[in-house]
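In this text, residue positions in the sequence shown follow numbering that gives the first Met the number 0: the first is 0, and each later residue adds one. No residue lacks a Cβ here, since even glycine has one placed at the ideal position from N, Cα and C. No experiment lies behind these values; they were computed from the predicted model shown.
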Amino acid sequence: MKKDAKVQELLDFYGEWFLDGSTIHSGEMTSNLYPYDSIFSPIQINSMTVKNRLVMAPMGNISMCDETGRPNEKMIAYFTERAKGGVGLITTGLVPVTHGIDNSITEIDKLSYFPRIDRSRTVFAGWRDLAASVHSYGSKIFLQVSAGLGRVGNPQCLVNSMKFPGSASFNPNWYMPQVPCLRFSDHSCKKMIKNIGQSAADAKAMNIDGIYLHGHEGYLLEQMTNPAFNRRKVGRYADWQAFGIDAVKCIRERTDKNFPIMYRIDLSLALNETYGDKMDKVKALRKFRNGRTIEQTLDYMKNLVKAGVDIFDVDLGCYDNWFLPHPPGSMPPGCFIDIAQIVKKYFEDNNILSNKGISVPVVAVGKLGYPDLAEKALRDGKCDMVMLGRPLLADPYWPNKARTNRVDEICPCIGCQEACINEFVDGGHPQCAVNPRTAFEEIYPETPLQARESKKIAVVGAGPAGIMCAVTAAQRGHKVILFEKSGRVGGRLNPGGVPKIKFDIVNYLNYLKGLCQRAAGDYDFELKLNTEATPQMLKDEGFDKVVVATGTKDIHLKLPGYEKAACRQAVEVLDNPALANAAKKIVVVGGGVVGCETAYFLNKELGKEVTVIEMTPEIMNHTCTANRGYMLKYMEDAGIKLYNCTKLISFEANGVKVMRNKSKTVPNPYLTWNPLLPENVLNPLAPKIKDESQEEFIEADLVVLAAGGRPDEQLFLSFQKELNTIEVYNIGDSFKGGKVFEATKSGYAAAMNL
Ligand SMILES: Cc1cc2nc3c(=O)[nH]c(=O)nc-3n(C[C@H](O)[C@H](O)[C@H](O)COP(=O)(O)O)c2cc1C
Ligand code: SF4
């Protein structure tokens, strides 16, 4: 099995980078390198100049178009906001141009949740309006054209339209590996290339500034151009470089020599390095052992430049190790800078120039939303441009704030993927957990509309929901007091930010503190810490409206032995890790995100032997596949035991008694190469789980409970009863225990209607 030493080194590093102080430090929102002269210097791409070195990453504009695929008001407002925020070059999310060929991309009745450019003139006006709108703020825009999704597309085409998904070769579908993807004929491949060329010509006619080929992450273009997926023996595309090179040549022919062509590529799928021996043992992976090596990728890139590519961005990985192309919060800041550097050095050493005769810029991507880190990568010559994806969802004004020395005002991405990726996986459109305006810019203006009448408002609870609500209400002209019973803001973000892999949460907490401080200076806003709001006090102080945001309370598992057990809630242990000092062996009860992150913390940072038990078949269900994939892989590498289908029955003197399903049909808890399907998607081919439960004792000297929380609605209910002349609302976790996403969203929406 071929492995690249550098890729292996990175994969190993990703599991414990946080033990290295300097890497963690590089993920702080500092402004030590201000002024950011490198970030804010122009660059030439083919004949075009971009005003700064910042590129907005492609992020699928799923359901941001009407049913024909024409970009709608939402999409135009969303990109315009980012242009206004100062980014030099915008790229759209993937736009597949192979409807009718790749069955996985088209919905029943030929509807599309992807924007389209290949349909007819029906869709053109939306692209024209979009280009004009972002140009008005001096940003350039490229359209990301995708050959399609192939094996990583929706397999429901088989049920909905009796058509198989396709791929370069006979490959399993990623969502449902039981569904085979059939090999596209050479004729179909040529048609795809023709469509790519036509889309480029149409995009150019719509005033889009360049074409961006979607060649990474194991999508169809990569399936055709990586020997892991393309095992064709005959025909033109048995040469795995041919499809990509033909596509680039076709774009050049259909546009002109000055039209920029960008290509997105992964330097390696990194599958062999991620999974090692499993590549031989696991059926779903076995076919993919022959991925491009770094050397082969560089050779392909050289040939792409000859064919006409002007600029690349590079990352690692594919769907089958999704935590790489979609790095969760737990990945290190700037995780692929070294990858960009490899390409840049190769181009420099080999004097590879574009057809224009100028150097080929290399764009770094992946967790680069820390201004000092981005500036340093450019100053050190590791890349020519810096791509920001989620940081621009979290704060579209990142560029302008960095340029004007307001780094502390940047709202940082927390790497949760709750609202950006998970939202569209679950059927919505991309949004952001920390920015409720993201993808709602068409209804929520940058400055919230002033309230018709200024009211006196109490917000109770200074977690993310309460802060968002209180600050927004104050911006709207209300007089607001934010009450917090404890001595700190942020609620459960405080224990949540303790594991070092959650450093982004610490950035967010700092941001929230700053937000409150600025609100106190700019508006009629006061934060009262260590203050318990009571009905009498709220009445006496004459509040017109009260918003309760008191969060959740932990579930206690009062099973036999509970009273005497050495047992703590996960949040208690995170808040005070000394509670685990005396323990060697720890059982964590609950394999959700809190349980797993706590287990990893206990093992990696405190050196404990940890077992996680979870009563359902799925570990970390409802968590983004990428975030889940990271945790499961590295928990397995760390030797953390994961027992799914395992129910706690009692607490014992030196451990716990459980009922554990030992059937071979119980899913492998460490399986990360295929995703868990959303619950409304039926997989009729999924294997059934048999029940062969047996009682088992697990030794432990500390039991950590992470069984979830319930809305803490007690205060709201008492206010509702006692404050019957005052409007009272319950928002965030105290309404429905959830995520930061739901908390900030409800806080903002409530404030906009007060
Ligand atoms: C919501 C979302 C959608 C994405 N869609 C695409 C896409 O359409 N095409 C693509 O090449 N990458 C896509 N990506 C990957 C991003 O372009 C980017 O590589 C990744 O988010 C890492 O960069 P970041 O850390 O700056 O966010 C998407 C990422 C997110 C969060
Ligand atoms: S939803 Fe989470 S990961 Fe996605 S952009 Fe927002 S903060 Fe970042």
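{"query": "Counterpart residues of Cys64 in DSSP-defined beta bridges", "result": "Pro70"}
{"query": "Of the residues Lys544, Met175 and Phe163, the one placed nearest Arg182, counting alpha carbons only", "result": "Phe163"}
{"query": "Which of helix, strand or coil DSSP assigns to Asp185", "result": "helix"}
{"query": "Near ligand 2: Cys644 beta-carbon under 7 Å from a heavy atom", "result": "no"}
{"query": "Rounded C-alpha distance that separates Arg475 from Gln143", "result": "38 Å"}
{"query": "Contact test: Ala625 Cβ vs ligand 2 heavy atom, cutoff 7 Å", "result": "no"}
{"query": "Run of the alpha helix (DSSP H) containing Leu392, from where it starts to where it stops", "result": "Arg389 to Ala393"}
{"query": "Element boundaries [beta strand (DSSP E), containing Val505]", "result": "First-last for Val505: Phe502 to Asp521, but that is the alpha helix (DSSP H), not the beta strand (DSSP E)."}
{"query": "Contact under 8 Å by Cβ, Pro435 with Thr97", "result": "no"}
{"query": "Proximity to Ala418 [Cα-Cα], best of Tyr211, Gly746 and Thr622", "result": "Thr622"}
{"query": "Other residues of its chain near Glu617: CB distance less than 6 Å, five sequence neighbours each side excluded", "result": "Leu675"}
{"query": "Extent of the continuous beta strand (DSSP E) run through Thr551", "result": "Thr551 to Asp553"}
{"query": "Residue from Cys566, Asn421, Cys412 and Asn752 whose Cα sits closest to the Cα of Ser649", "result": "Cys566"}
{"query": "Exposure of Asn320, with buried meaning 16 or more beta-carbon neighbours within 10 Å", "result": "buried"}
{"query": "contact_flag[the stretch 55-70, the stretch 103-115] where n(CB pairs < 8 Å) is 3 or more", "result": "yes"}
{"query": "Where Gln757 falls, given that 16 or more other Cβ within 10 Å makes a residue buried", "result": "For the chain, the structure presents residues 0 to 753; residue 757 sits outside this window and is missing."}
{"query": "Cβ contact (3+ pairs, closer than 8 Å) linking the stretch 376-388 and the stretch 280-300", "result": "no"}
{"query": "Where Ala363 sits in the DSSP three-state scheme", "result": "strand"}
{"query": "Chain-order list of residues whose beta-carbon lies under 6 Å from that of Pro250 (same chain, five-residue window excluded)", "result": "In the sequence on display, residue 250 carries Ile and not Pro. Only Gly196, Ala199, Ile210 and Ile260 meet the Cβ criterion."}
{"query": "Ligand 1 heavy atom lying under 7 Å from the CB of Asp255", "result": "no"}
{"query": "Pairwise C-alpha distance: Ile730 and Lys538", "result": "20 Å"}
{"query": "Any non-hydrogen atom of ligand 1 within 7 Å of Val361 CB", "result": "no"}
{"query": "Contact check, Leu212 vs Arg253, beta carbons under 8 Å", "result": "no"}
{"query": "Within 8 Å, strictly: CB atoms of Gly589 and Gly707", "result": "yes"}
{"query": "Buried versus exposed call for Asp19 [16 or more other C-beta atoms within 10 Å across all chains shown]", "result": "exposed"}
{"query": "Identified DSSP bridge partners for Leu641", "result": "Val611"}
{"query": "Other residues of its chain near Pro331: CB distance less than 6 Å, five sequence neighbours each side excluded", "result": "Trp16 and Thr22"}
{"query": "Beta-carbon proximity list for Glu721, same chain, < 7 Å, skipping 5 on both sides", "result": "Pro534"}
{"query": "Closer than 7 Å: Arg389 CB and nearest ligand 2 heavy atom", "result": "yes"}
{"query": "Cys431 beta carbon near ligand 2 (any heavy atom closer than 7 Å)", "result": "yes"}
{"query": "Alpha carbon of Leu284 to alpha carbon of Lys277, nearest angstrom", "result": "8 Å"}
{"query": "Cα-Cα separation between Gly147 and Ala131, rounded to whole angstroms", "result": "27 Å"}
{"query": "Per-residue DSSP class, three states only, for Ile341", "result": "helix"}
{"query": "Rounded C-alpha distance that separates Cys317 from Leu268", "result": "6 Å"}
{"query": "Beta-carbon gap between Pro710 and Thr471 smaller than 8 Å", "result": "no"}
{"query": "Residues near Asn60 by beta carbon distance below 7 Å, same chain, minus five either side", "result": "Met74, Thr91, Gly92 and Pro114"}
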